[in-house]
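Chemist: For the sequence shown, my numbering begins at 170 and goes up steadily by one.
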Amino acid sequence: NIKKVVSPDSRVEMKLVHIDGDSLATGIATAVVDASVEECAAHEFYFDSREFGRTAKSKGATEYHSKQVNNHTLYYANTRALGFFLKSREGRSKIIWMKDEDGNVVMDISDTKDIIEEFPVKEGNVLISAHSVW
170 NIKKVVSPDS
180 RVEMKLVHID
190 GDSLATGIAT
200 AVVDASVEEC
210 AAHEFYFDSR
220 EFGRTAKSKG
230 ATEYHSKQVN
240 NHTLYYANTR
250 ALGFFLKSRE
260 GRSKIIWMKD
270 EDGNVVMDIS
280 DTKDIIEEFP
290 VKEGNVLISA
300 HSVW
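1) Sorted by chain position, which residues of the same chain lie with C-beta nearer than 6 Å to residue 298's C-beta, five sequence neighbours on each side aside?
2) Take residue 170 and list the residues in its own chain whose beta-carbon comes closer than 6 Å to its own, dropping the five residues that flank it on each side.
3) Per DSSP, residue 245 forms a beta bridge with which residues?
4) Which residues does DSSP list as the beta-bridge partners of residue 269?
5) Return the CA-CA distance between residue 247 and residue 224, expressed in angstroms with no decimal places.
Below you can see the structure in the form of structure tokens.
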């Protein structure tokens, strides 16, 4: 079943894919971004900034950690409380980006277990899975 979901942001179209009787669902969010590819890449590394630390709770993060590996890679661990009767969701991501000779930027945001010992999932929380390439 594919169901449209009301997004908190009018610029984002959201859908939920769920198989009846299954406990898992897949969310799909689509948006057109009016920004350069460099601005999009910089946004991912914003997670490692002091400003994000000051505003994280207002953006839905109840806890977050970032760990820079090098100038093109960082780890990001975060927890979000969804409210209602839902358990908090935790993500563990490795963000890698590169810029080729033609100026194209490719960014890969993938699940990782590289930091699971350093940032273990709290009991009762759900570890989410997400992958994004742009």
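We put the CB at the ideal spot given by N, CA and C, even for glycine.
Modeler: If we stick to the structure as given:
1) 280
2) Same-chain partners within the cutoff: 187.
3) 235, 262
4) For residue 269, which the question treats as bridged, DSSP gives no partner whatsoever.
5) If I take the Cα positions, the gap works out to 14 Å.
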